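Residue numbers (the numbering used here): 21 to 160. Idealized CB from N, CA, C, for every residue including glycine. These numbers come from a predicted model, not from an experiment. Structure first, then comments.
The following block contains the structure:
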């Protein structure tokens with residue numbers, strides 16, 4: 021029989037967090053780790069694409085406005101990679117609530133979006149289906 025702690029570790033998500041603001045990245049990482057997830061931060065779109073090229077993630081949280089390469093183009097490049105994350109859910113993190121930005125997220129290959137500032141509750145709502153799916157695969 022598995023302990024509850026092991027169950028949480030096994031069902032926690034491996035998350036790539038692309039966020040150019042170090043304070044926002046640290047705060048989001050702390051929230052996500054408290055929920056039992058493993059988080060790797062990248063501070064620009066190019067670094068996020070490189071991270072996605074080489075490591076497998078359960079979900080990618082992508083800031084839309086970053087230096088060097090914005091989140092929209094980073095998502096497009098991740099989708100075109102031959103590698104472990106071509107189908108990985110990408111959730112946009114954006115300060116914009118406009119329909120145009122939402123549409124641009126989906127056109128870039130993102131699967132969902134959250135409006136900044138991102139709350140703990142909105143993260144839980146967005147990530148719960150992914151955790152449940154992973155839990156289901158752990159017990160197969």
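(Q) Quick check on the DSSP output: the alpha helix (DSSP H) that includes residue 51 runs from which residue to which? (A) 42 to 54
Q) In terms of residue numbering, what span does the alpha helix (DSSP H) encompassing residue 58 cover? A) Unbroken run through residue 58 is the beta strand (DSSP E), 58 to 62; no alpha helix (DSSP H).
Q) Just the Cα atoms here: how many angstroms apart are residue 121 and residue 102? A) 27 angstroms
Q) Just how far apart, CA to CA, sit residue 125 and residue 109? A) 12 angstroms
Q: Pick helix, strand or coil for residue 69, following the three-state DSSP scheme.
A: helix
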